[in-house]
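Numbered according to the numbering used here, the sequence shown spans residues 477 to 686.
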Amino acid sequence: MRRLEAQIAALKARDAAEAIGLQHAMTPPDAPVQERTFNEISTIEEIAGVLTVSSGAAAAFVAQARRLCSLPQAMAALSAGAMSWQHARILADETEGLNPAGAAALVAHFLDSDPPGPARACPAGELVPSRFRAKVRSWRERHHPESIEKRHAKGVADRRVEYSPDRDGMAWLSAYLPAGTALGIWNKTTAIARGLQGPHEPRTLTQLRA
Numbered sequence: 477m478r479r480l481e482a483q484i485a486a487l488k489a490r491d492a493a494e495a496i497g498l499q500h501a502m503t504p505p506d507a508p509v510q511e512r513t514f515n516e517i518s519t520i521e522e523i524a525g526v527l528t529v530s531s532g533a534a535a536a537f538v539a540q541a542r543r544l545c546s547l548p549q550a551m552a553a554l555s556a557g558a559m560s561w562q563h564a565r566i567l568a569d570e571t572e573g574l575n576p577a578g579a580a581a582l583v584a585h586f587l588d589s590d591p592p593g594p595a596r597a598c599p600a601g602e603l604v605p606s607r608f609r610a611k612v613r614s615w616r617e618r619h620h621p622e623s624i625e626k627r628h629a630k631g632v633a634d635r636r637v638e639y640s641p642d643r644d645g646m647a648w649l650s651a652y653l654p655a656g657t658a659l660g661i662w663n664k665t666t667a668i669a670r671g672l673q674g675p676h677e678p679r680t681l682t683q684l685r686a
């Protein structure tokens, strides 16, 4: 069953990437930015309808699908059912920002059936996703061509807050922040929420944080 689910996920990812690629090909090269953006959003909305997910979830899926399709070895493993969509998504996420050679090296490290050294061997599909992500991220940090200081500086420059409307009159508010800042906000929010708990407070800790 897991193999079949992985193969279906591969088909969905390939179809989503091809749909966006076709939309880009049909858009005139001299089209205004607004037209390009509108066309891409329209395609993502169609994909969201087919997958019965929110627009934000569809946009994230399309981005991951396109990255995965640029990693032939990872896509082949998913298509063969050798790893789950969760594992494939981790590879897509952790290769973002790497050049093609770096991304290929990361994928090969975890998926090569006959790696140069036994320490590199790692059966991706046999690890729980959280453990796999930790291993992939650790390898990426050790082998990234740029120092952590330079990457952190770039990340700080790219900090932002994003708003994404959802169904049922709800919306998502997310922030991309330096780790220390984000942790401080999380801890402060949790402390305030815990202070509001009591025998007559029906809301959960998660609800109180919001």
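Heads up, the beta-carbon is just placed ideally off N, CA and C, and yes, glycines get one too.
Asked: Out of 533, 636, 640, state which residue places its alpha-carbon closest to the alpha-carbon of residue 657.; Found: 636
Asked: Sort 499, 521, 505 by Cα distance to residue 641 and report the nearest one.; Found: 521
Asked: Among the candidates 682, 650, 639, whose CA atom is the shortest distance from the CA of residue 665?; Found: 682
Asked: Within the continuous beta strand (DSSP E) that includes residue 647, where are the two ends?; Found: 647–652
Asked: Put residue 695 into one of helix, strand or coil per three-state DSSP.; Found: No answer is possible for residue 695: it lies beyond the span of the chain, which begins at 477 and ends at 686.
Asked: Using a 10 Å radius around the Cβ and a threshold of 16 neighbouring Cβ atoms, would you call residue 502 buried or exposed?; Found: exposed
Asked: Can you give me the Cβ contacts of residue 540 inside the same chain, cut-off strictly under 6 Å, excluding the 5 residues immediately before and after it?; Found: 565, 568
Asked: Among 523, 498, 530, which has the Cα closest to the Cα of residue 644?; Found: 530
Asked: Are residue 478 and residue 606 close, meaning C-beta to C-beta below 8 Å?; Found: no
Asked: Which two residues bound the contiguous alpha helix (DSSP H) that contains residue 676?; Found: Careful: residue 676 lies outside any alpha helix (DSSP H) and carries neither H nor E.
Asked: Under 8 Å by Cβ, that's how I've got residue 579 and residue 571 pegged, so tell me the actual separation to the nearest angstrom.; Found: 4 Å
Asked: Excluding the five sequence neighbours on either side, which residues of its own chain have a C-beta within less than 7 Å of the C-beta of residue 562, listed in chain order?; Found: 605
Asked: Hey, residue 615 and residue 587: beta-carbon distance below 8 Å or not?; Found: no
Asked: DSSP state of residue 594, grouped into three classes?; Found: Interpretation of residue 594 is limited by its pLDDT of 43, a score under 50 that renders its predicted location unreliable; no figure is taken from the coordinates.
Asked: Since residue 641 sits in a beta bridge, which residues does DSSP pair it with?; Found: 647
Asked: Just mark residue 676 as buried or exposed, buried being the case when its beta carbon has 16 or more other beta carbons within 10 Å.; Found: exposed
Asked: Using the three-state DSSP reduction, which class does residue 620 fall into: helix, strand or coil?; Found: coil
Asked: Starting from the C-beta of residue 518, find all residues in its chain whose C-beta is less than 6 Å away, skip the five residues before and the five after it, and write them out in chain order.; Found: none
Asked: Taking residue 583 as part of the alpha helix (DSSP H), name the residues at either end of that continuous run.; Found: 576–587
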